[in-house]
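Step one of this worksheet: look at the structure below.
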Amino acid sequence: MALALSRALRIVGAIALAAATTSAYAVTEIQWWHSMTGKLNDKVNEIADKFNASQKDYKVVPVYKGQYDESMTAAIAAYRAGNPPQIVQVFEVGTATMMAAKGAVKPVYQLMAESGEKFDPKAYLGAVYGYYADTKGNLISMPFNSSTQVLYVNKDAFKKAGLDPANPPKTWPEVEAAAKKLKAAGVACPFTTGWQSWVQVESFSAWHNVPLGTKENGFGGLDTRLELNGPVQVKHIQNLGNWAKDGLFVYKGRKDEPLASFTSGDCAMITTSSGSYANIKANAKFDWEVATLPYYPDVAGAPQNTIIGGATLWVLNQKDPAVYKGIAKFFEFLSSPEVQADWHQTTGYVPITLAAYDLTKKQGFYDKNPGTDIAIKELTNKPPTANSKGLRFGNFVQIRNIIDEELESVWSGQKTAKVALDDAVKRGNEQIEKFQKANQ
Amino acid sequence: MEKRVVFASPWLPYALVAPQIAITLVFFFWPASQALWQSMLVQDAFAAKTQFVFLDNFKDLFQDPHYLASFRVTAVFSALVTVIGLSVSLLLAVFADRVIRGATVYKTLLIWPYAVAAAVAAILWVFLLNPSLGILTLLLRRMGVAWDFLLNPTHALILIVVAAVWKQISYNFLFFLAGLQSIPKSLIEAAAIDGAGPGRRFWTVVFPLLSPTAFFLLVVNVVYAFFDTFAIVDASTHGGPVQATTILVLKVYQDGQQSLDLGSSAAQSVILMLIVIALTLIQFRFIERKVQY
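Those sequence lines, one after another, are chains A and B.
Just so you know, we're using our numbering here: the first sequence kicks off at 1 and counts up by one.
Just so you know, we're using our numbering here: the second sequence kicks off at 441 and counts up by one.
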């Protein structure tokens, strides 16, 4: 009944529209479901408007569909109901799920090749491109907003504790030494971290060139298994656990919650997303700086390169292939140096192409905003290895929860790092086996 | 004499209940049967590949120690929310019923929290009890309690119980107050003349007469604690630390909606459905007998 009514209304609407537009000109609509809020949402709309004004055949319509997990679920539900959007923004932990859905997704390299748009894989940053490419090096989804992990330092707190703010800690032992001095100077929270699994386990492993799992961190196939309980990871997590006991590291939450403790001046150091730059800049009432993510100097090959987080744009399979041409045109527009450089400079996300990086350099942005190029320097520090190009594990949303839980049990002193990481591997592998079973 | 109403027409009674039956079929039996079917499948997120695995999803669940622990958490949480919620609101209702001056003000203020959305209620308590910024945390610290619900499982449980109870008190209060006001004053006065004090009057006269209301609220509160508290937990502790506050309904959501593991999520919702059916049966079979209508 409701369906019949809505269909009738749609027909009436279509007739009215046809009558209103004198030139019967067909504009193909491209639905773009995303999860960008606030200033980022404005920027997304601006990009779509600019693209729509640049040509007449296609119209990109950005639609905010809730947070990352919500918009992904919505897109999957729409696909199952036979009416998927053209483009959906999916966060990096959903990559394996999307990639396993072979019939549902149109790979970007195919899309670009078929529509004959300009597309050069070498134009993209290796660390960004590698995360979203298959084992043959073909790009599956379009990189959009990518960030990585950096260390933020409260310079005022450093001065108060007699530390040199011009010389922020470069290694984890230096972080410990600084934290001790800060604590002695009366700082309640010397060090904290946002996104603990992403920063202290996932990217930590890449930064020290040790594997998170077999089969190239899962890039090599569904039969991958976790191995994030290696000696390097155990040592680091145990250190953090000890620091938590001594009050040098204060746990503030799993995701972005710890950031507020840094911007309020409560915590003196935080490792978190480079995408937090704009937020800190707007809210911190003290002198602060961005520094490179710390590493252990006694680990051979460290620092390697960090891995990214953020989201990419996925093209879902369409009934009418005519729209692919428009999506390809839009992606080409999106990766142009001007659009990318602007996106990078206003949001704090890293530029996804080398051209956008060069353009930003040329515009003098990094000289005026010191520290904004640290993220990209970390990503491009060395060419990515099998351990550092990213990770691709099925059911990773659950696995990240499991890692978070096991880490919390170390911070509260219930488990040692070794036991907790062993348990994380065991429980995580159960999730991977489940995913393998569902997708084989 | 036959006390029941008997319809003359053979089809009229069926026609009258038909809309209700239709609604139940469409909105309860249909989705429930789909959940039952889905619970025996393993499917990728896009439903490209589907395998029938019979009871494997259930087997996996009962081998997961965290899932089993979640039963205990749910039982403790529901019991606390129901018992505390009912007793506090009964106490408030009895006092509000006796207030003579400014009664409307008290009543209005007590009903207010009901207008607050569950997620907002949760965030409000998270602010008050935030380990680094909360006002109540500051007071607790002064009293020597190292409050930190992010790492301490007991503290996390206290947080969600307090938020869930606070949210539900208004509803209970409203029903208890209405129940109290419908008790004839003459009964209470008669008891008073016979020499019964306020405490005795309450337990021998008022409380038995309130029992239908209390029973109704018991059923409603148990259902509330099982299902409607989802938003509170999701917005405050997200089930942490280490699943210490992962109640069953939260896990259904996390596995189904966030992790897209529909088979396991459906299996969990089937189990949840069985629990609620069992609880409701128990309540009507054993507790209702003690209720005096």
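Where is the CB? At the ideal position from N, CA and C, for every residue including glycine.
Here the structure is a predicted model, which is why all the values come from computation and not from measurement.
- Counting only runs that start and end inside the region 625-699 of chain B, the alpha helix (DSSP H) elements of at least 4 residues fall at 625-633, 638-641, 647-663, 670-676, 688-693.
- Look at residue 674/B: its C-beta is not under 7 Å from any C-beta on chain A.
- By the neighbour-count definition (other C-beta atoms within 10 Å, threshold 16), residue 516/B is an exposed residue.
- Fully contained in the region 338-404 of chain A are the following alpha helix (DSSP H) runs of length 4 or more, in chain order: 354-362, 365-368, 374-379.
- Going by C-alpha positions, residue 579/B is about 53 Å away from residue 335/A.
- Counting other Cβ atoms within 10 Å of its Cβ, residue 501/B reaches 16 or more and is therefore classed as buried.
- For the options 303/A, 37/A, 49/A, 58/A, the alpha carbon positioned closest to that of residue 27/A is the one of 58/A.
- Going by DSSP, residue 32/A is part of the beta strand (DSSP E) stretching over 28-34.
- For residue 100/A, same chain residues with a beta-carbon under 6 Å away, outside a window of 5 residues either side, are 439 in chain order.
- At least one CB atom of chain A sits nearer than 7 Å to the CB of residue 572/B.
- Only exposed fits residue 477/B, as fewer than 16 other CB atoms lie within 10 angstroms of its CB.
- Listed along the chain, the chain B residues whose CB falls inside 7 Å of the CB of residue 397/A are 698, 699.
- Rounded to the nearest whole angstrom, the CA to CA distance from residue 460/B to residue 466/B is 10 Å.
- Around the CB of residue 725/B, fewer than 16 other CB atoms lie within 10 Å, so the residue is classed as exposed.
- Inter-segment contact for the region 492-507 of chain B and the region 645-658 of chain B is absent: fewer than three beta-carbon pairs are separated by less than 8 Å.
- With a threshold of 7 Å between beta carbons, residue 87/A makes no contact with chain B.
- Among the residues of chain B, those whose CB is under 7 Å from the CB of residue 79/A are 486, following chain order.
- Separation of the CB atoms of residue 596/B and residue 681/B is rounded to 6 Å, and the pair is thereby assigned contact status at 8 Å.
- The Cβ atoms of residue 421/A and residue 229/A lie closer than 7 Å to each other.
- Interface criterion not met: the Cβ of residue 433/A is under 7 Å from no Cβ in chain B.
- A Cβ of chain B is located within less than 7 Å of the beta carbon of residue 437/A.
- Put simply, of 286/A, 337/A, 178/A the residue whose alpha carbon is nearest the alpha carbon of residue 155/A is 286/A.
- Annotation note: the region 489-529 of chain B contains the following uninterrupted beta strand (DSSP E) runs of length 3 or greater, listed N- to C-terminal: 490-492.
- Residues are counted here when their Cβ sits less than 9 Å from a Cβ of chain A; for the region 580-600 of chain B these are 588, 590, 591, 592, 593, given in chain order.
- Taken in chain order, the complete alpha helix (DSSP H) segments of 4 residues or longer contained in the region 112-148 of chain A are 126-131.
- By the criterion of a C-beta distance shorter than 8 Å, residue 601/B is surrounded in its chain by 517, 520, 521, 524, once the five residues flanking it on both sides are discounted.
- For residue 103/A, the nearest beta carbon of chain B is closer than 7 Å to its own beta carbon.
- When secondary structure is reduced to three states using DSSP, residue 258/A falls in the helix class.
- Residue nearest to residue 80/A within the set 487/B, 660/B, 556/B, 549/B is 487/B (criterion: CA-CA distance).
- If you look at residue 270/A, you'll find it in the beta strand (DSSP E) that goes 267-273.
- Secondary structure at residue 175/A: helix, using DSSP grouped into helix, strand and coil.
- Going by C-alpha positions, residue 188/A is about 25 Å away from residue 275/A.
- Contact with chain B is absent for residue 120/A, since none of that chain's Cβ atoms lies less than 7 Å from the residue's Cβ.
- Under the 7 Å criterion on CB atoms, residue 408/A is classed as interfacial with respect to chain B.
- For residue 682/B, a Cβ of chain A is located within less than 7 Å of the residue's own Cβ.
- Contact with chain B is absent for residue 140/A, since none of that chain's Cβ atoms lies less than 7 Å from the residue's Cβ.
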